[in-house]
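Trainee:
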Amino acid sequence: MSAPERTERDVTGLLNMAGHALSNRLAAALADVDLTPRMQCVLVHALEQERTQIQLAALADLDKTTMVSTVDELESRGFAERKPSATDRRARVIAVTEKGRLAAEEGQRIVDRVHADALSSLPDAARAAFVEALGQLADTTRDPGPQPVRRARGR
């Protein structure tokens with residue numbers, strides 16, 4: 001019996017391996033300043049403009065439960081607080097504290113350094129093209145497609 005012939009590289013596997021390695025490097029680097037990649041992402045988006053937890057969750061691609069625990073952790077570290085919205089009194093927004101702004105700035109320097117280090121393995125001429133192509137791939141695959149079918153548990 002022989003394996004089926006591959007006509008394309010295993011792009012999914014390559015992206016998963018590269019993403020896993022990069023995520024681990026980023027998490028380790030951000031831990032030095034008491035941040036996680038999720039917290040960094042939420043802080044940056046919350047600093048851009050007044051946003052609710054739901055809006056931030058969508059931007060950070062986090063589910064509701066993960067978002068709540070992330071904001072709880074940001075609050076416990078003094079990086080952010082939940083406040084009433086200035087435009088909708090029913091809504092609560094995530095306001096970044098001065099301590100959080102400083103942490104996000106340091107975190108962004110770390111994120112940029114980790115990304116630059118990862119890209120440094122590519123020839124100069126290929127870096128911009130790679131990032132552009134990766135952005136296009138991400139844009140065209142934003143729809144996750146059909147969800148896996150879950151089988152009913154046997155009794």
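For the record, in the sequence shown the residue sitting at position 3 is 3 according to the UniProt record's numbering, with numbers rising by one throughout. Yeah, the Cβ is synthetic: ideal placement off N, Cα and C, and Gly gets one too. Because the structure is a prediction, the values reported are computed rather than measured.
1. To the nearest angstrom, how far is the alpha carbon of R90 from that of L119?
2. Tell me the rounded alpha-carbon separation between V42 and M1.
3. For P4, does the three-state DSSP call read helix, strand or coil?
4. For T134, is the classification buried or exposed, using 16 other Cβ atoms within 10 angstroms of its Cβ as the cut-off for buried?
5. Quick one: residues in its chain with C-beta nearer than 8 angstroms to the C-beta of T97, no 5 flanking neighbours on either side, listed in chain order?
6. Nearest to A95 by CA position, among D117, D72, E106, is which residue?
7. Contact between the segment 97-117 and the segment 30-41: three or more CB pairs below 8 angstroms?
8. R92 and Q53: beta carbons closer than 8 angstroms?
9. Identify which residue in G100, V44, R6, D124 has its Cα closest to the Cα of D34.
10. Going straight from the alpha carbon of D10 to that of L122, what length do you get?
11. Can you tell me whether Q40 is buried or exposed? The criterion is at least 16 other CB atoms within 10 Å of its CB, across all chains shown.
12. In three-state DSSP terms, what is V33?
13. Under 8 angstroms by Cβ, that's how I've got H45 and R51 pegged, so tell me the actual separation to the nearest angstrom.
14. Taking only the alpha-carbon atoms, compute the straight-line gap between E106 and M17 and give it to the nearest angstrom.
15. Quick check on T52: does DSSP put it in helix, strand or coil?
Mentor: Let's see:
1. Here residue 90 refers to the residue found at position 90 of the sequence shown. Here residue 119 refers to the residue found at position 119 of the sequence shown. Taking the straight line joining both Cα atoms gives about 44 angstroms.
2. By 1-based counting over the sequence shown, the position of residue 42 is 42. By 1-based counting over the sequence shown, the position of residue 1 is 1. V42 and M1 have their alpha carbons spaced roughly 50 angstroms apart.
3. Translated into the one-based positions of the sequence shown, residue 4 becomes position 4. Collapsing the DSSP output to three states places P4 in coil.
4. Residue mapping note: residue 134 aligns to position 134 of the sequence shown, counting from 1. For the record, residue 134 in the displayed sequence is Leu; it is not Thr. By the neighbour-count criterion, in which a residue is buried when 16 or more other Cβ atoms sit within 10 angstroms of its Cβ, L134 is exposed.
5. Looking up residue 97 in the sequence shown gives position 97. Closer than 8 angstroms at Cβ, skipping near neighbours: G78, F79, A80, E81.
6. By 1-based counting over the sequence shown, the position of residue 95 is 95. Closest option to A95, Cα to Cα, is D72.
7. Output reads yes: the segment 30-41 touches the segment 97-117.
8. As a working mapping, residue 92 is identified with position 92 in the sequence shown. As a working mapping, residue 53 is identified with position 53 in the sequence shown. Yes. Within cutoff.
9. Within the sequence shown, residue 34 is the residue found at index 34, counting from 1. Closest by alpha carbon: G100.
10. On the sequence shown, position 10 is the one that residue 10 refers to. On the sequence shown, position 122 is the one that residue 122 refers to. Computed Cα separation, rounded: 20 angstroms.
11. One-based indexing of the sequence shown puts residue 40 at position 40. Q40 should be labelled buried.
12. Here the question's residue 33 lines up with position 33 in the sequence shown. Under the three-state reduction of DSSP output, V33 falls in the coil class, being neither helix nor strand.
13. Indexing the sequence shown from 1 puts residue 45 at position 45. Indexing the sequence shown from 1 puts residue 51 at position 51. The pair is a contact, with the Cβ atoms about 6 angstroms apart (cut-off 8 angstroms).
14. In the sequence shown, counting from the first residue as 1, residue 106 sits at position 106. In the sequence shown, counting from the first residue as 1, residue 17 sits at position 17. So the two alpha carbons sit approximately 27 angstroms from each other.
15. Within the sequence shown, residue 52 is the residue found at index 52, counting from 1. Reduced to three states, the DSSP call for T52 is strand.
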